[in-house]
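Just below is one structure, and these are the notes that go with it.
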Amino acid sequence: MTHNKFKQNTEPQPNSEAIVLRLQARELLVVNSRRRNGLIIYKNYHADFAGPGAAIGSLFDDDATSVLPVGDLSLIKPENSKDRERAYLIRRQWVRLIKQITDRDEPMQRAKMILNQFENWFDAKTAAQLPDEAFARLVGVLPKTISKARYEKDRLSLYG
17 MTHNKFKQNT EPQPNSEAIV LRLQARELLV VNSRRRNGLI IYKNYHADFA GPGAAIGSLF
77 DDDATSVLPV GDLSLIKPEN SKDRERAYLI RRQWVRLIKQ ITDRDEPMQR AKMILNQFEN
137 WFDAKTAAQL PDEAFARLVG VLPKTISKAR YEKDRLSLYG
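Residue numbers (this note's numbering): 17 to 176.
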């Protein structure tokens, strides 16, 4: 499996705990839209993804249990109400994108779609570094389903 050549990023990133505390305190922040970055926000039974330009914190994420930065994470404070409104709308777009994947009935299809999306949004190396658990919680499948989807994808790229 070629995805294993990259270290699985399962350890909390520096400042992850500080970010969770800010989210739990309902501080409103925005994922920097000028970078290819994002934040996987773990909740009790699922995870949310906030990509570039998306609002995090406020009432959205006060139930966050941990976070996983994706890419070179940069968080900024919105400067005015227009920036806040734009960030809320962008967060809603990210939620809708993930929902389009979770609306699929077949777990393997959801697994393959989320992997493909992250490779498109970021790159193959970044997607390979993210743990199966993160993707699984984003789209409501078991981690072993993500692992199997990665394995099948790797086999196809080797022999396809």
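Backbone N, C-alpha and C fix where the C-beta goes; we use that ideal spot for every residue, glycine too.
Integer Cβ distance of residue i from residue j, believed to fall under 8 angstroms
i	j	result
residue 132	residue 87	About 17 angstroms separates the two Cβ atoms, so there is no contact after all.
residue 42	residue 73	6 angstroms
residue 107	residue 66	6 angstroms
residue 114	residue 155	7 angstroms
residue 91	residue 44	Wrong, their Cβ atoms sit about 10 angstroms apart, outside the cutoff.
residue 130	residue 148	Their Cβ separation, rounded to whole angstroms, is 11 angstroms, which puts residue 130 and residue 148 out of contact at 8 angstroms.
residue 4	residue 60	Lying before the first or after the last residue shown, residue 4 is absent from the chain, which here runs from 17 to 176.
Residue range of the unbroken alpha helix (DSSP H) whose run includes residue i
i	result
residue 155	148-155
Simplified DSSP state of residue i, which is helix, strand or coil
i	result
residue 107	helix
residue 119	coil
residue 134	helix
residue 178	Residue 178 is absent from the model: the chain starts at 17 and stops at 176.
residue 170	helix
residue 17	The predicted position of residue 17 is uncertain, since its pLDDT is 40 and thus under 50; a value taken from the coordinates is nonetheless stated next. If DSSP states are grouped into helix, strand and coil, residue 17 belongs with coil.
- Query: Which residue spans inside the region 19-104 form an unbroken alpha helix (DSSP H) run of at least 4?
  - Reply: 32-40
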